[in-house]
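When the count follows our numbering, it moves up by one through the sequence shown with no breaks and lands on 565 for the last residue. Glycine included, C-beta positions come from ideal geometry on N, C-alpha and C. Since we're looking at a predicted model, the values are computed, not measured.
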Amino acid sequence: MAEKDRLKDKYIDPFTDFGFKRLFGEDCNKELLLDFLNELLHKKEGKIVSLTYLKSEQLGRSEEDRRAIFDLYCENEKGEKFIVEMQKTKQTFFKDRALYYSTFPIVNQAIAGDWNYELKAVYTVAILDFVFDEDKNDLNKYRYDVMLTDIATHKIFYDKLKFVYLEMPKFTKEVDELDTHFDKWMYVLKNLKRLDNIPDKLREKIFEKIFEAAEIAKLSKDEYEQYIFSLKAYRDYKNSIDTARDEGKAEGRAEGEQERLKLQQRIAELERQIKKQTE
């Protein structure tokens, strides 16, 4: 276990693929995902009682169609579908991608034969390690609840398709400022990797379980190696983004755009490697 000692962090980083799936994607930690989703959705959608993990890779209708690979994909006891994503890097068409991903659990509900087109609700939750450019100056707005509404009346037109976006960089509350359960979840997700112990304000059963599941010292040798690989990949493409941004500023808009496209290709390849490594 000497290799573990070289990593000074006590808890895993939830923004790595391994860390995210460790906390939310394992049956033994399903209680964490239940609590998190209920905190985000229960006020209007009703409490989620149980969850079943579904296959995260979704195939198109033909071999030529593009696939979708979700970070987490599950359904509740009513058959409603939930896509939960940790988005670490800004993408030009991120909102398009989120909408495209939501079509898979919609289309998959189609029933051959006599079907009246009734659908179960689909929810997409995206935890973002970046902020939307159009709202970057609105520092108090870090949660977005998006549904289909009528433009004139602002009334909800369709309530079975919902997107929840959480801009983590904008959440700046310190532990003594946490007033709600939602605040505590946001704080843990953003700060877990840099904490050494559980703050007194987070001494609740659900958060104590998060800290227990996240302890690096409790990882097996194989799990630790997977985490180190995932952590290195996360840091590598974070550094690549900074480099590309600097190069884009220095070389001008056209050259910067080319560099951005190359970077997105590198990120996509890294994500495929990480997902394969952590499956």
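Residues of its chain near D415, where Cβ-Cβ distance is below 8 Å and the 5 sequence neighbours each way are ignored: F301, M372, Q373, K374, T375, M454, P455
Outcome for E366 when other beta-carbon atoms lying within 10 angstroms are tallied against a minimum of 16: buried
L320 beta carbon less than 8 Å from that of L340: no
DSSP three-state assignment for L385, whether helix, strand or coil: helix
Beta-bridge partners of Q373, as assigned by DSSP: Answer is L414.
Span separating the alpha-carbon of V450 from that of V411: 5 Å
The beta strand (DSSP E) enclosing K431, as first and last residue numbers: It should be noted that the sequence gives Asp, not Lys, for residue 431. That run of the beta strand (DSSP E) goes 429-435.
Limits of the unbroken alpha helix (DSSP H) element including V474: Counting along the chain, the unbroken alpha helix (DSSP H) around V474 starts and ends at 467-477.
Selected residue, minimal CA-CA separation from V432, among F418, N426, D419, Y409: Looking at the Cα atoms, Y409 is the closest of the given residues.
Exposure of N362, with buried meaning 16 or more beta-carbon neighbours within 10 Å: buried
Limits of the unbroken alpha helix (DSSP H) element including F356: Careful: F356 lies outside any alpha helix (DSSP H) and carries neither H nor E.
Run of the alpha helix (DSSP H) containing K491, from where it starts to where it stops: 491-500
Supposed contact pair A407 and K446 - C-beta distance, whole angstroms, cut 8 Å: 4 Å
Sufficient close CB pairs (3 or more, under 8 Å) joining the stretch 422-429 to the stretch 384-398: no
Among K459, D482, I484, D486, the one whose alpha carbon lies nearest that of Y473: K459
Rounded Cβ spacing between Y297 and F497 (contact assumed at less than 8 Å): 7 Å
L309 - containing alpha helix (DSSP H), residue span: 303-310
Cross-strand partners of I442 (DSSP beta bridge): T435
Run of the beta strand (DSSP E) containing T338, from where it starts to where it stops: 337-339
Option in G399, N477, W401, V417 with minimal Cα separation from K381: For the residues G399, N477, W401, V417, the minimum Cα distance to K381 belongs to V417.
Cβ neighbour criterion (16 or more within 10 Å) applied to C314: exposed
Per-residue burial, R308 [other beta carbons within 10 Å of its own, 16 or more giving buried]: buried
Simplified DSSP assignment, three categories, for A288: Low confidence applies here, because A288 scores a pLDDT of 44, under 50, leaving its location unreliable; read the following figure in that light. The answer is helix: DSSP assigns A288 an H, G or I state.
Identity of the residue in F457, K476, T439, I437 nearest Y428 by Cα: F457
Contact belief for G311 with L358 at Cβ below 8 Å, rounded distance in angstroms: 5 Å
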